[in-house]
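The block underneath contains the structure these notes are about, expressed in structure tokens.
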Amino acid sequence: MLECPLKLYKTQNDYLRQWVEHRNEYLEALLAMEAPPNLQKCSICDGDRIYRCLGCFSQPLF
Numbered sequence: 001m002l003e004c005p006l007k008l009y010k011t012q013n014d015y016l017r018q019w020v021e022h023r024n025e026y027l028e029a030l031l032a033m034e035a036p037p038n039l040q041k042c043s044i045c046d047g048d049r050i051y052r053c054l055g056c057f058s059q060p061l062f
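Numbering-wise, the UniProt record's numbering puts 17 at position 17 of the sequence shown, and it's gapless, one number per residue.
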């Protein structure tokens with residue numbers, strides 16, 4: 001009976017099998033990067049806006 005030589009390389013299928021085990025982690029990371037940023041405070045008056053609220057919009061940031 002012939003013995004199979006030790007496999008020293010990976011095929012494309014091996015890499016895909018490795019990726020499939022972590023596919024949910026990759027998907028969650030991609031979706032998190034596509035999502036809008038979390039609601040933050042206005043840099044001037046601490047109101048709920050991403051950068052500046054409408055009341056402070058004409059104020060300079062510095």
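Where is the CB? At the ideal position from N, CA and C, for every residue including glycine.
For this session: Please report the residue range of the alpha helix (DSSP H) in which residue 32 lies.
Result: For residue 32, the uninterrupted alpha helix (DSSP H) segment begins and ends at 23-34.
For this session: Just the C-alpha distance for residue 8 and residue 22, rounded to the nearest angstrom, thanks.
Result: C-alpha separation (whole angstroms): 23 Å.
For this session: Express the C-alpha separation of residue 6 and residue 31 in angstroms, rounding to a whole number.
Result: Approximately 40 Å between the Cα atoms of the pair.
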